[in-house]
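See below for the structure under consideration.
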Amino acid sequence: MSSLSRMLSVLDLFSDHQLTWTAEGITEALQVSLPTGYRYVKMLVDAGLLQRAADSHYTLGPRIIVLDHYIRMADPVLQHGVPIMAELVEKTGFDCVISGLYGQQVLDTHREFGSSPATLSYGRGRPRPLFHGAAPKVILSCFTPAQLRKVFDQHSDEIAKAGLPTEWSAFRKYYANIRKAGHYFSNGELEPNLAALAAPLQHANGTILGAISLVTTVPRMAVMDVSKLTQLVIRAAQEIIVRIP
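In the working numbering, the protein residues as written are 6 to 250.
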């Protein structure tokens, strides 16, 4: 690993469970010398990627907020999708969420709030469980067999914990059925009080860009015509894809 790669890997140390680090802790985690660790921290602070906090700790810095703004502005799915999301919210009153695929991580990238916004545990930038919920499942359903097999091989424990088929043929068939349906409805699957209906955002060439979902509480969803909602979500996904070059 190059010195630059090792320095940038400092950013990977931060998580929901570890929001702050000391320079000494960073040094130990990266297994570098103390002078090297301090140099990495100083360079990242100077770049705005880290900032000083209390008790000699460091947190992620303000430059990341600026970069997040640029990411939003440059994202073609959001550029073309947000107006369509707003229309979907107006028609249904439900929250509408766009989720994207980044490597093997599914992240929510934008949310339009409905008339009674749901309380979501996962928001922009927080990786979602790969095998729970409507958006991740429609995204995985669009993977090629080779891509899906790689996921299957690398996440066997998570797959079993999620209650999904642990045999490859059955696992592949499970997602093939979702792909054939063109949508997925989850009811209390990721969070007990929430229901979601998602459709994939997939180019005609097979490239999967993410998913669009309607999200609300289980009681509100229970009194709705899910088949009509499904048509609305699928149509919204198609309209977004058509607008993306």
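From the three backbone atoms N, C-alpha and C, an ideal C-beta is built for every residue, glycine too.
Item                                                                                                   : Value
Contact under 7 angstroms by Cβ, Ala216 with Pro205                                                    : yes
Straight-line gap, Phe148 to Leu13 (C-alpha atoms, nearest Å)                                          : 30 angstroms
Simplified DSSP state of His74, which is helix, strand or coil                                         : helix
Complete beta strand (DSSP E) runs within the stretch 153-233 (minimum length 3 residues, chain order) : 189-192, 199-207, 213-222
Collapsed DSSP secondary structure at Val37 in the structure displayed                                 : coil
For Val87, the first and last residue of its enclosing alpha helix (DSSP H)                            : 81-97
Under 7 angstroms between C-beta atoms of Arg248 and His22                                             : no
Proximity below 7 angstroms, CB of Leu112 to CB of Gly105                                              : yes
Closest Cα partner of Val238 within the set Ser8, Ile213, Phe190, Glu172                               : Phe190
At least 3 beta-carbon pairs within less than 8 angstroms: the stretch 228-242 vs the stretch 117-131  : no
Heavy atom of the ligand GDP within 6 angstroms of Pro134 beta-carbon                                  : This structure does not include the ligand GDP; it has no bound ligands of any sort.
As assigned by DSSP and simplified to three states, the class of Arg68                                 : helix
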